[in-house]
Amino acid sequence: HAVRDALMLSRKKMGFKGSKVGVPQEAFQLPEEPPERDGHDWYCFECHRGGDVLLCTSCHRVYHVVCVKEDLSNEEKFVCSVCQLLQEKDELKLKAEDLNMLLGYTCVRLKDKTCTTKELHRLLSTEADTWKQNQLIYQKMDLVTMEEKTRNGDYTGLEEFRADAQTIVHNVVIFYGIHSCMADMARQMLRDCSYDLGEIRQCSACYRMSNEKRDKFWFCQPCDPPHDLVFAKQKGFPYWPAKVIRIDDHCYDVRFFGGYHQRALVDRSNIKPISTSLKQIAAKRTTALNKALEELKRHQQLLEHRSRGTSGDCSSPARHTPVKAKRGRGRPRRVVVPQPSSSSSSSEDDHEEEEEEEG
């Protein structure tokens, strides 16, 4: 297939060693001239390998028949899954300026997590590598390019951003190999990207404020619409005030007030209304709990100000270029501890240290 597609050149040579002396041999080499561009990629966008492929009628991507999950009853009008997502109406209602600001934060976070893998930040630019890239990569993409696009306000939807991240993975797998360490890191980058886009879709205000952290009370600012408030209890720990991020079947995804505003999945049976008294939930007053309750009170006051139409709310997006995210934040942890305990993990130790310092 590579020879047929002019990606490799076939040469006939006479053998000159051992039993191959005088026997015609076929040799292959890369052409010196860059391959002809006919409007489509040369490798399947799903498995990143060559071969006979279907051409998407809406973009440059191509796929093997066995790699396609869509209906192929009409191959002449085949539209790939990426284009289908791009063509769907996005339920996220954000101005282009605000959307690109949030995606700028995502770029900073992805670059921060891949700080040891500069090849994902910017494609190699040596003369030898440029020649290889022209032979192998149809559409160049990297995190720096994506960040520049956010600054220019180029993105109109989350799926456009995800498609560019998928293109990075596609190129890295082709260039370095499907089982290379670089390919593994690129795939992890895409998983991190998908997670962050899910967070933006879930609550864009939460995502913005958690990246900006304008002051120490950033978590107190209400979102629009505001999150439900509850007391949530993890196994072995007391009830703790929290915002409900989402509800999935019988499981609550919550983010706790106080401390590091950690995330946790809590069973419905361990959720109490925020109006429940501390006596009913047998909550023991500690320095950490007092701090959490103080944040909760400030949050409720801001909600009241909003309902009255008075000031005190800063939920509208800021108009500025994203600042560099704090190193080491990474993805919010899914299993966390809202209260100190001597038998728990490092998250609990953080709470203990906090109480000792404040005490």
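Just so we're aligned, residue 2 is where the sequence shown starts under my numbering, counting upward by one. Glycine included, every Cβ here is placed at the ideal spot set by N, Cα and C.
Look at the beta carbons and you see the segment 184-202 not touching the segment 55-64: under three pairs across the two are nearer than 8 Å. A direct Cα-to-Cα measurement between A164 and Q263 gives close to 30 Å.
E37 and W43 have their C-alpha atoms roughly 10 Å apart. When the Cα atoms are used, V145 and G19 turn out to be separated by approximately 52 Å.
No alpha helix (DSSP H) of 4 residues or more sits fully in the segment 12-61. By the neighbour-count criterion, in which a residue is buried when 16 or more other Cβ atoms sit within 10 angstroms of its Cβ, K285 is exposed. Contact check for F238 against I282 fails: the beta carbons are separated by 8 Å or more.
If you look at L191, you'll find it in the alpha helix (DSSP H) that goes 182-203. Separation of G105 and Q26 (C-alpha to C-alpha, rounded to the nearest whole angstrom) is 54 Å.
Taken through DSSP and simplified to helix, strand or coil, D155 comes out as coil. From the listed residues K236, K150, A206, the smallest Cα separation to P226 is found for A206. Counting of Cβ neighbours within 10 angstroms places K21 among the exposed residues, the total staying below 16.
Under the three-state reduction of DSSP, I248 is assigned to strand. Where L104 is concerned, the enclosing alpha helix (DSSP H) starts and stops at 97-114.
In the assembly as shown, R247 is an exposed residue. Its beta-carbon has fewer than 16 other beta-carbons within 10 Å.
Considering only K13, N172, V245, the residue with the shortest C-alpha distance to R269 is V245. Residues of the same chain with a CB within less than 7 Å of the CB of L304, apart from the 5 flanking positions on each side, are P223, P227 in chain order. A distance below 7 Å between beta-carbons, with the five flanking residues on each side excluded, links T168 to the following residues of its chain, in chain order: Q140, M142.
With a beta-carbon spacing of about 4 Å, H300 and C221 fall inside the 8 Å limit used to define contacts. Sequence-distant partners of T118 (beyond 5 residues in either direction) whose C-beta falls short of 6 Å from its own C-beta, in its chain, are M186. Looking at K236, N212, P242, the one whose alpha-carbon comes closest to that of S276 is P242. In the pairwise beta carbon analysis, the segment 80-98 is classified as touching the segment 197-211: at least three pairs are separated by under 8 Å.
One alpha carbon belongs to D249, the other to L266, and they sit about 9 Å apart. Checking the DSSP bridge columns, you'll see L10 partnered with Q30.
Leaving aside the five residues that flank T107 on each side, the residues in its chain whose CB is nearer than 6 Å to its CB run, in chain order, D197. W241 is bridged by DSSP to A233. Under a 10 Å Cβ-count criterion, I175 is classified as buried, with 16 or more other Cβ atoms of the shown protein chains found around its own Cβ. Looking at the DSSP output, P274 sits in a beta bridge with V231. Closest option to C68, judged by alpha-carbon separation, among E149, T115, Y156, H49: H49. Annotated three-state conformation of D268 is strand, per DSSP. For R256, the beta-bridge partners assigned by DSSP are K244, R264. Collapsing the DSSP output to three states places V67 in a helix.
A28 and E71 have their C-alpha atoms some 39 Å from each other. Around C84, the same chain offers C57, S59, C60 as residues with beta carbons nearer than 7 Å, after the five sequence neighbours per side are excluded. Per DSSP, L86 is one residue of the alpha helix (DSSP H) stretching across 82-88.
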